[in-house]
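Residue numbers (my numbering), protein chains in the order written: chain A, 1 to 200; chain B, 1 to 470.
Cβ coordinates follow ideal geometry from the N, Cα and C atoms, glycine included.
Remember, it's a predicted structure, so these values are computed and weren't measured experimentally.
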Amino acid sequence: MRAQAHTLESVVASLLLIGSLVFAYQVTAVTPLTGSTSSQHIENQQRAAAEGVLQIAEKSGALRRAVLFWDDTKNRFYGTDDGQYYTNKVDPPNEFLASLTRAFEDRGISLNVNVVYVDSDGDRRRQRMVYRGEPSSNAVTVTTMLTLYDDDVLYADSDGDGVAEPTDEELDTASSFYAPDVGSSSVYNVVVVEVTVWRQ
Amino acid sequence: MASVDGHRDRGHDDHGHGDRAQMVLIGALAVAVSLVMLAVVLNSAIYTQNLATRSGEAGTGAAVDARDGVRDGVGAITDRVNENHAGDDYATLTGTHLPAAMDDWRPAAVRHVMASGRTFRVDLAGNTEGTRIADGSVGTFEPRTSGANPLGYGSPNWLVATPVEVRHFRLSDVSASDLTSASASFDPQTTSDVFFVEVRETGGSDAWQVALYEDGGKVSVEVWDEDEGSAVGSCLADSTATVDLTRATLDGQRCEPLAFLDDVDGLAKIYYVNSDDVSGTYELTVDRAGYQTGDPLKDRVDAANYDDQCSGPTYFDSPSEAGGGSPYATAAIYSTTVDFRYLSQSVTYDTRFRVANDEPGPIAKHPKVIDVTVTDNSDSGASFTVSWSVTDPNGDLDTISVELRRDDSVVDSSTTAVDGGSDSGSTTLSDSDGDGNTYTIVVEVTDSESNTRSNSETHVADDDASGCPP
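The structure is reproduced here in structure tokens:
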């Protein structure tokens, strides 16, 4: 009887020991000092930087020029290698992409840029502008809204200087622009530009 | 507790081992408890760090961003309505075209915002009337009728608008090959063939000249401040450029010298000087209505350009009437007031704000004379009945003074108190021995903040409404 009590005592003691060891070890797995991507600091930093870049691009008009930097005859953005959107880190063909490259890609931070528009049924559809892969679980997204009008013109960079110049083609006569004309008045469409950044 | 100095001969090895085992057990328990304490301390440190790095905003940033997005959207829509429906009257613009454009824009914008679990409402709550003066065909910047020379230098020159608050003032498609060649810095008033826009302020004595000239095949802009007697600065663009005076940009790039419109004291008088030395298009939106002949803006401009409010005229009444000529002045919406309500999970934002795209300086606060009708009742002496109508964007009208002047001296005057946002009335002025003479009738309205605007007309005291001057 006493032997059984002793045995029981030792079993319970060992359970207590192992349980507390397990608890102590699993708590130390994540600290703010680890170099993982799940740090709140880094997320806040990236969100602030992305909002700043997007707001500057909108105020200076570079964002509008980048959204309208569309090759109507080939049905894609100017300067892409393959497909409709940019996938390679090549010489940025317009000012908006150049500022994104300087702010993020040169520091090892990946980004995606999507242009979300409303189609004629009222659904939101997404047109990719830059795609670098699936974001990690700690990516941040910042957005801004832009209105396109019937008399906006498409932009191109015919002289290759990295600055987009207006063409003569108006949006309402463009044949293959990704967003449709949803209004009978001078409003063409309302788009939201989403920039998603994450640390690789 | 069992004695530990051991009686080896008493009891089994078990007891001795049992004693040591108990010691080991207690020691191990102490280590385990200290590890748990360590874990608790570490946990609290991690939680504190995590709590400290959380952003503390309550979501109000998104509400303000939405409001700014609506402001930009409604402002651009108002300008597009003014431009695409130039020639329609003000009631059609505000009653039909602007709501139609808003009905196209609003669902798409709300659809986007709803995807993040928020929504907003935008309702049009009012407008103020203005005039859009534009030249849509590429060519020189000359008025409809030649012979204007209000300034006395830099012929041909003419008065574009006065005295007005101006917004959305843009010169487009200006090509360097049609400009005169010059090099900075120079005094625009002393050259005879460099085009410049002259802006004189009514609240002070300063004036600015924005000169466009060709420099090395490119369009160059220089801003000259008359008070200081020197150039403020200059900017260089491409061979074809768009000069935006209210946004202070040249071809989309910021040009700081062009930001002088923020410093204008009072209202602005805008002149084009050497207007045949430039080629392009232009448009500006001013806060006075006056697109029909006989209205205060046209009368004032015609009087300054051609000596009488009935000569000229300076503008065409619509783009279709202008045909290939220029310029035309049409009804336009100067500002739009919207009610905005934003709802998200934690924030409800309700506000009413005014939208006037590209308005430099403080918001328009000057009262305006919207109608002056003079009836000539002269019999043996001069007698005029002046009916007037005035408004104020802030609703703080104060007084109106009507003066009858002959040869720049006042022969009769009357001051009436007015209040509110709009008022009208009539005054009779007379001069006993003035039959057949030419008089100037000046109507000046002042608001409670001492902002004033005036209007003047020339009449001949002959009991006859025909002829020029009437």
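Fully contained in the segment 50-85 of chain B are the following alpha helix (DSSP H) runs of length 4 or more, in chain order: 60-84. Chain A places no beta carbon closer than 9 Å to that of asparagine 394(B), leaving this residue out of the contacts. Per the C-alpha coordinates, the member of Thr147(A), Asn189(A), Ala179(A) and Ser185(A) positioned closest to alanine 76(B) is Thr147(A). Bounds of the alpha helix (DSSP H) holding asparagine 44(A) are 40-60.
Within the segment 189-250 of chain B, the complete beta strand (DSSP E) segments of 3 residues or longer fall at 195-201, 207-215, 218-225, 230-236 and 240-244, listed in chain order. Residue ranges of uninterrupted beta strand (DSSP E) with 3 or more members, entirely inside the segment 398-439 of chain B and ordered along the chain, are 409-417 and 422-431. Interface annotation, isoleucine 77(B): in contact with chain A, CB-CB separation under 9 Å.
In the DSSP annotation of this structure, the continuous segment of the alpha helix (DSSP H) that includes arginine 300(B) starts and ends at 296-306.
Less than 9 Å separates the beta-carbon of asparagine 84(B) from that of aspartate 151(A). The residue from Leu111(A), Val130(A) and Met1(A) with its alpha-carbon nearest to that of aspartate 81(A) is Val130(A). Non-local beta-carbon contacts of aspartate 295(B) in its own chain, meaning distances under 7 Å to residues more than five positions away in sequence, involve Ala289 in chain order.
At least one CB of chain B lies nearer than 9 Å to the CB of methionine 145(A). When DSSP states are grouped into helix, strand and coil, arginine 2(A) belongs to the helix group. In the three-state reduction of the DSSP assignment, valine 36(B) falls in the helix class, which pools H, G and I. Note: lysine 368(B) is bridge-paired with Thr391(B) in the DSSP secondary-structure output. Note on cysteine 255(B): 16 or more other CB atoms within 10 angstroms of its CB, so buried under the neighbour-count rule. Each residue's CA atom was taken as its position, placing arginine 47(A) and alanine 182(B) some 48 Å apart. The segment 148-158 of chain B makes no contact with the segment 320-334 of chain B; the number of CB pairs closer than 8 Å stays below 3. Residue contact check for glutamate 9(A) against chain B: a CB pair falls below 9 Å.
Residue range 452-460 is occupied by the beta strand (DSSP E) that includes threonine 458(B). With fewer than 16 other Cβ atoms from the protein chains shown falling within 10 Å of its own Cβ, arginine 20(B) counts as exposed.
Beta-bridge analysis with DSSP links glutamine 127(A) to Val115(A). The Cβ neighbour count for isoleucine 26(B), taken over all protein chains shown within 10 Å, is under 16; the residue is labelled exposed. Cβ neighbours of arginine 200(B) within its own chain (closer than 6 Å, five residues either side excluded): Ala207 and Lys269. If you check each beta-carbon in the segment 172-198 of chain A against every beta-carbon of chain B, the ones closer than 7 Å belong to Val182, Gly183, Ser184, Ser185, Ser186, Val187, Asn189, Val190 and Val192. Within the segment 321-363 of chain B, the complete beta strand (DSSP E) runs of at least 3 residues fall at 328-343 and 348-355.
For asparagine 50(B), a Cβ of chain A is located within less than 9 Å of the residue's own Cβ. CA-CA distance, arginine 132(B) to arginine 453(B), rounds to 19 Å. If you look at proline 156(B), you'll find it isn't in any beta strand (DSSP E); DSSP assigns it neither H nor E. For asparagine 189(A), the pairing in a beta bridge is given by DSSP as Leu148(A). Nearest in C-alpha terms to threonine 167(A), of all of Asp157(A), Gln40(A), Asn94(A) and Tyr149(A), is Asp157(A). The continuous beta strand (DSSP E) containing phenylalanine 120(B) extends over residues 119-139. Here threonine 246(B) has Val166, Arg167, His168, Phe169, Arg170, Leu261, Asp358, Glu359 and Pro360 as same chain residues with Cβ atoms under 8 Å from its own Cβ, once five neighbours each way along the sequence are excluded.
Only exposed fits proline 180(A), as fewer than 16 other CB atoms lie within 10 angstroms of its CB. In chain order, Gly252 make up the part of chain B whose C-beta sits under 8 Å from the C-beta of glycine 61(A).
In the DSSP annotation of this structure, the continuous segment of the alpha helix (DSSP H) that includes aspartate 104(B) starts and ends at 98-114.
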